[in-house]
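Written out below as structure tokens is the structure these notes cover.
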Amino acid sequence: MTTAQIGPRQHLDLASHLHEVRSYDRAVRHLHAALSLDPNYARAHAALALTLAAMQRLEEAEHEADLALQLEPENAYHLKVKGYVLEQSEKWQAAQETLQRAIAIAPHKASYHASLSYVLHRQGHDAEAEKAARRALELDAESVCALRS
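Residue numbering for the sequence shown follows my numbering, starting at 678 and increasing by one per position.
In structure tokens form, the structure reads like this:
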């Protein structure tokens, strides 16, 4: 099967695997292929944002995160991705606000609370950061992401 014969979801799956093994350039190619087949595939825009952020292409990453959110503005995962990109860009206040929106939609996600804890800590809000870290641990005591802060 050639890449021309697979659909957007398969391209996203391949890109996710390639991202995990840090083959970012190849992941980007598959994500572009997915988006050429379905420009409104919000999850592919979010995945592209994460991959571009990993490559330190932060302006492009922020643009892709914004596209995902334009397509699905109340998607907590897309908000988490945008928060991560803002965090990588050291836009702490914007990251905090974005992560808080994600948590308002999906309060059960430990990783969202852990990310918020880190962002709060970076801004010197240590009491709030500790509270967010505790909440992350309450939600998932086994999670490494909850221990990040």
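Yeah, the Cβ is synthetic: ideal placement off N, Cα and C, and Gly gets one too.
Kindly indicate which residue of the options has the alpha-carbon position closest to the one of residue i.
i           : options            : result
residue 774 : 719, 753, 721      : 753
residue 710 : 685, 796, 696, 690 : 685
residue 765 : 815, 728, 721      : 728
residue 796 : 714, 817, 759      : 759
Which of the three DSSP states, helix, strand or coil, is assigned to residue i?
i           : result
residue 700 : coil
residue 739 : helix
residue 709 : helix
residue 790 : helix
residue 798 : helix
residue 811 : helix
residue 817 : coil
residue 685 : helix
residue 734 : coil
residue 690 : helix
residue 715 : coil
residue 678 : Confidence at residue 678 is low in this model, with a pLDDT of 46, below 50, so its placement is unreliable and the value that follows should be read with caution. The answer is coil: DSSP assigns residue 678 none of H, G, I, E or B.
Ordered along the chain, which non-local residues of its own chain (more than five positions away) have a Cβ less than 7 Å from that of residue i?
i           : result
residue 812 : 790
residue 762 : 726, 730, 735, 738, 739, 742
residue 732 : 701
residue 693 : 724
residue 751 : 782
residue 809 : 790, 793, 794, 797
What is the rounded straight-line gap between the Cα of residue i and the Cα of residue j?
i           : j           : result
residue 801 : residue 778 : 20 Å
residue 780 : residue 786 : 7 Å
residue 682 : residue 708 : 15 Å
residue 803 : residue 794 : 8 Å
residue 699 : residue 705 : 11 Å
residue 714 : residue 688 : 10 Å
residue 806 : residue 768 : 16 Å
Whose C-beta lies closer than 8 Å to the C-beta of residue i among residues of the same chain, with five residues either side of it excluded?
i           : result
residue 770 : 800
Tell me which residues share the same chain as residue i and place their Cβ nearer than 6 Å to its Cβ, disregarding the 5 neighbours each side in the sequence.
i           : result
residue 757 : 779, 789
residue 717 : 748
residue 703 : 695
residue 783 : 753
residue 745 : 719, 722, 723, 755
Write down every uninterrupted run of the alpha helix (DSSP H) in the region 744-789 whose length is 4 residues or greater and which is fully enclosed by it, in chain order. Unbroken alpha helix (DSSP H) runs of no fewer than 4 residues, entirely contained in the region 744-789, are found at 753-765, 769-782, following chain order.
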